[in-house]
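Below is one structure, written out as structure tokens; comments come after it.
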Amino acid sequence: MPMFNLENLAEGALAEQIEDALGRVIQNIADPNTAWKTKRKLNITLTFQPDEKRELAEVNMEVKPTLAPAAPTKTRIIIGQDVATGEIAAAEYRSGAIPGQVEMVVDDKTGDVTTQDPTAGLRVVR
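Take 12 as the starting number for the sequence shown in the numbering used here and just add one per residue.
This is the structure in structure tokens:
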């Protein structure tokens, strides 16, 4: 019984879809933002719908990869209000960041942002 070659089926469309899906699976495995333990799948479904005379069948092809989802992440944001304009602002809080990039020193009297070191003029008492 002669059969058809899956690589040539639908003028190579099935083979292209498999290669594309396989590439997505490999990229997902290599992605450090996904869990390494999660199994990935590549399902290839061929559905055959014959006609009444059983001389012809329509073949529907579906290639469906199942990938690992991106791992959940979280961060913290600082929310404040500009005293001069009343505008609400937010920025990501990163401990150990360079001063002035995320954290700022505000002059209590004027409300202005200052570049002064808040410890300037202080001394250690023993």
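Heads up, the beta-carbon is just placed ideally off N, CA and C, and yes, glycines get one too.
Keep in mind that this is a model prediction, so the values were computed, not measured.
| Item | Value |
| --- | --- |
| Local conformation of ARG35 per DSSP, three classes | helix |
| C-alpha gap between LEU144 and PHE59, whole angstroms | Since the first residue shown for the chain is 12 and the last is 137, residue 144 is missing from the structure and cannot be characterised. |
| Spatial distance of GLN92 from ALA102 (CA atoms) | 12 Å |
| Of the residues ASP62, ILE37, LEU57 and PRO83, the one placed nearest LYS50, counting alpha carbons only | ILE37 |
| Through-space distance from LYS85 to TRP47, alpha-carbon basis | 19 Å |
| CA-to-CA distance, ASP42 to LEU53, given in whole angstroms | 17 Å |
| Residues that ILE89 bridges to, as DSSP identifies them | ALA102 |
| Candidates ASP62, VAL117 and VAL70, of which the one nearest ALA24 by Cα | VAL70 |
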